[in-house]
Amino acid sequence: MADLGNFALHLGLFLSSYAVLVDMLGAWRLEHSLMKSGRNATVACLACFTLAMIILWVLLFKCDFAVKYVAEHTSRALPMGYRFSALWAGAAGSLLLWVWLQSGFVAFVFCRKTQKHEKFAAGARVISNLVFVFFLIVLIFDRNPFNLSMITPDDGAGLNPLLQHPAMVLHPPTLFIGYAAFAVPFAWAFSYLKYDRAGNPSPLLPQIRNWILSAWMFLTIGIVLGAWWAYEELGWGGYWAWDPVENSSLMPWLTATALLHCSRTFNRKNSIATWLLTMSIVTYSLCVFGTFLTRYGLVSSVHAFPDPGLGILFLVLLAHIAIISIALFIRSFIQRKDELKTSLTSGLKFIVFFNWLMVLLTFVVLVGTLFPFLSGLVSSRQITLKPEYFTKITAPGGIILLFIIGICPYMLRKSIGVGRRTIGAVIAAVIILAAWAVTRRIAVVCFVTCAFAAINLAADLFERYTKKSKLNLRWLGARIVHIGVVLVFMGMAGSGGYNLEALQALKPGEDMTVGEYKFIYEKLRSEQGANFTAIAADVSVYKISEREERLIAKLSPSKAYYNESKNPTSEVAINRSLGRDVYLALDAIDRDREIARLKVLINPLINWIWIGSTISILGTILVLIALYNKKQSITEIETRINNE
Amino acid sequence: MVDLIKTKTIIRILVGIIVIGGGIGYFMYQAMQSSWSYYYSVDDFVANRTAVQSHSLRIAGIVKEGTILRDAKKMNLSFSLTGSDNQILVDYEGTVPDNFAEGGEVVVEGRLNADGIFKADLLMTKCESKYKAKVK
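Heads up: the sequence lines are chains S and G, in that order.
In terms of our numbering, the first sequence opens at residue 765 and continues consecutively.
In terms of our numbering, the second sequence opens at residue 3 and continues consecutively.
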């Protein structure tokens, strides 16, 4: 059965290569039969990958330990749900998942039977299949999920208990859905550069806009899930460590956010079009680059699984992408330099400024992530940059971002005169800078800017509500997303600027005080589970005020020893509220003397990060619903831009 | 090619690059000042020992079997960190990650003290991608 899966992958490789050639030839010669063949080949590819996915799942469910991947990621005792998710527990399976998803998306958009823009779709298929060829070479010859092991073990190694958590089940697939979905605007951009003409502009644009938004949404969900899991499961009390693997998902997200704002206001005659095309290509390239970083081990990280193999092919792919896209851009620029004359409205100028901000932040994160590698090139010593480097730049960057969120609806409001608006904006900027000068705490500046943004968003909502009675769902959804973002920043400022941490070893009955909270450690206790034994420390948490000490919670952080594992897993205990999290982890235990070393963290406002993210996602869903219902044409969009 | 782009545009682009590039470069440099740390493998570190004592260092290596010593009150951990040819003694105070074990890959951050022992402020272990448990 594994052999069949392997064969399916080989067939997919053959079909992709065939499709590249046939579509290229067909588009060049405008031969419909060739392009149809390319279309069919792409769909057949999807069928192959679907078959491979099904086979891998069957192997996982059947516990076929002859297959190395199955033996490495499952065991007989593993619950069914986790056997399903074990498909993406490792490099080989997750690469197959990505290829399958991307194949599905590309087929859905560019392989329709009644293709109005046949040449355009063929062009998009050429670049997509080229990407598949590279991916498949790595998948088949380096990270093949269907490889058999020399000896069939009796039982598999099982899934790391850390990964047996709902967030970890969803985190890889949502990220990969995002990555795969960005291949659609990526392919579209290439075809646009080659085939867009004044008389036949921007085919498939409304669809691409929806894809960009959906892809962004999934990428956001994936990143937030990862952060949430880190906070809940890993026990160090934080949610983001600026690790290279984390950064590789953040960088495409930053450019994707820029891409998102460009697609909303697309007009093929001005520079937004250039931004849209560049960001489409850059975002997907960063997704590929991120994979290359983590699998190739260019930079060492606590998450990196360096095993070079054929990972270098990703870099070769990126080089191809860069060369082809630059050539197409130059050609397009030469051909159409007289068309690009339309100047930008002030609203669009904000978008351009925002895009630059995102690009610069991405660049900063990229340099920081690659620094050990880069410094190793120029000197004999490798230099790593600690998280402080990233936060020192992204924190001010975030403040600027918040300021734009506030200032944009404000500056576009026509009810106040331009002069007054500018003065208002300058006053706001001065207040924010004054906050920094006086307090020298970035968290305070963040709060002030959040307040500014929130006030402006609220005023904008109020004005719209009083002016128009009809509800514009898309506009509302977009505003909700921004509200969510402001809340997330509020959460980050609170937990980043005002958190308290303490580590202390206690005997039974002893207590420790952190901030306004007192923790009395009572005793150690054993717990038995289905496949684990745990030792828990019972702790009573009191809130101290002037008059009294009030019991607010009993928390029991523990260390769980799973049967399959040689290392314990920390289970943290959290008392949550909107105002703060009281986070308790059991750091170390001395069973003989019943000493427990407790790690206490007080994280103010941290739940607003999760709440804000959820609100943003809901806002995005509202926008998607609105867009799906309306199915707008390009002329509608251009009319709106001209009216704004 | 040059006459395709107006001189004014070229100047604008150049000024933009200088201003933005300079600004961002300055910020990055400032941010790097206090947040960088040399990164060595154990063998490289031992070879360059005298040259790098002053600054904060990160060293990557493998925990040597049989060298883990935890203090009675568990506030202190010491072990030997090895590379292929050399090893150094590490002293660490703080939270020990759950998957810290003999034979594991770790990165320590800190300074070498006068006695030649590496005093670590930070201890990082690698997150296992493939779950290496007891395979029967």
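Don't be surprised by glycine CBs; every beta carbon is placed ideally from N, CA and C.
C-beta neighbour in chain S for Tyr40/G, strict 8 angstroms: yes
Enclosing beta strand (DSSP E) for Met95/G [first to last residue]: A small correction: the amino acid at residue 95/G is Glu; Met does not occupy that position in the sequence shown. Note, Glu95/G: beta strand (DSSP E), 89-95.
Distance, Ala841/S Cα to Leu1197/S Cα: Cα to Cα, the separation comes out at about 58 angstroms.
Closest residue to Ile901/S among Leu989/S, Ala791/S, Ser781/S, Ala888/S (Cα-Cα distance): Ser781/S
DSSP beta-bridge partners of Pro1332/S: Pro1332/S is not bridged to any residue.
Which of helix, strand or coil DSSP assigns to Ile15/G: helix
CA nearest to the CA of Gly1002/S, picked from Val873/S, Arg1314/S, Pro1368/S: Pro1368/S
Minimum Cβ-Cβ distance from Phe81/G to chain S less than 8 angstroms: no
Contacts of Gly105/G in chain S (Cβ-Cβ under 7 angstroms): Result: empty, since nearest Cβ-Cβ is about 10 angstroms, beyond 7 angstroms.
Partners in chain G for Ser1334/S, counting only beta-carbon separations shorter than 8 angstroms: Asp100
In DSSP terms, what Met1276/S is bridged to: Phe1283/S
Chain-order list of residues whose beta-carbon lies under 6 angstroms from that of Phe899/S (same chain, five-residue window excluded): Val863
Anticipated Cβ contact below 8 angstroms, Ile869/S with Val948/S, distance rounded: Looking at the sequence provided, one finds Phe at residue 869/S rather than Ile. Confirmed, Cβ separation roughly 5 angstroms.
CA-to-CA distance, Pro937/S to Ser797/S, given in whole angstroms: Computed Cα separation, rounded: 36 angstroms.
Chain S contact for Gly85/G (CB, 8 angstroms cutoff): no
Close beta carbons around Ala791/S, own chain, < 6 angstroms, minus the five adjacent residues each side: Excluding residues within five positions, the ones whose Cβ falls inside 6 angstroms are Lys883, Ala886, Gly887.
Partner residues on chain C for Thr97/G, Cβ-Cβ distance less than 9 angstroms: The structure shown contains no chain C; its protein chains are S and G.
For Asn1367/S, the first and last residue of its enclosing alpha helix (DSSP H): No alpha helix (DSSP H) holds Asn1367/S; the beta strand (DSSP E) holding it covers 1359-1368.
is_contact[Ser1397/S, chain G] using C-beta, thresh 8 angstroms: Because the pLDDT of Ser1397/S is 48, which lies under 50, any placement of that residue in the model is unreliable, and the number read from its coordinates should be weighed accordingly. Cβ-Cβ to chain G under 8 angstroms: no for Ser1397/S.
Neighbour-count burial assignment, Pro736/S, 16 or more Cβ in a 10 Å radius: Residue 736/S lies beyond the residue range present for chain S, which begins at 765 and ends at 1408; the question has no answer from this structure.
Contact the stretch 965-984 of chain S vs the stretch 1013-1024 of chain S: 3+ CB pairs below 8 angstroms: yes
Alpha helix (DSSP H) segment containing Asn115/G, residue limits: From DSSP, Asn115/G is part of no alpha helix (DSSP H); its letter is neither H nor E.
As assigned by DSSP and simplified to three states, the class of Tyr42/G: strand
Between the CA atoms of Asn1119/S and Thr1038/S - distance to the nearest angstrom: Rounded to whole angstroms, Thr1038/S to Asn1119/S spans 12 angstroms at the Cα level.
Boundaries (first-last residue) of the alpha helix (DSSP H) holding Phe1211/S: 1206-1231
Chain S contact for Ile13/G (CB, 8 angstroms cutoff): no
Bridge partner(s) assigned by DSSP for Asn1339/S: Val1346/S
Whether Ile1045/S touches Phe950/S by CB criterion (8 angstroms): yes
Neighbouring residues, chain S, relative to Arg113/G (Cβ below 8 angstroms): Neighbours of Arg113/G on chain S: none; closest Cβ ~14 angstroms, over 8 angstroms.
Residues in the stretch 1120-1151 of chain S having any Cβ partner in chain G nearer than 9 angstroms: Trp1120, Leu1124, Phe1127, Val1128, Val1131, Gly1132, Phe1135, Pro1136, Ser1139, Gly1140, Ser1144, Arg1145, Gln1146, Ile1147, Thr1148, Leu1149, Lys1150, Pro1151
Partners in chain G for Ile1157/S, counting only beta-carbon separations shorter than 7 angstroms: Phe29, Met30, Ala33
Expected contact under 8 angstroms - CB spacing of Lys1282/S and Ile1359/S to nearest Å: Between Ile1359/S and Lys1282/S the Cβ distance is about 19 angstroms, and since that is not below 8 angstroms, they are no contact.
Three-pair Cβ contact test at 8 angstroms for the stretch 765-778 of chain S versus the stretch 804-813 of chain S: yes
Beta-carbon proximity of Trp1006/S to Pro917/S, cut-off 8 angstroms: no
Through-space distance from Met799/S to Lys134/G, alpha-carbon basis: Reliability fails at Lys134/G, whose pLDDT of 43 lies under 50, so the model's placement of it is uncertain and the value that follows must be treated cautiously. About 48 angstroms.
Cα-Cα separation between Ala944/S and Leu865/S, rounded to whole angstroms: Approximately 6 angstroms, taken between the alpha carbons.
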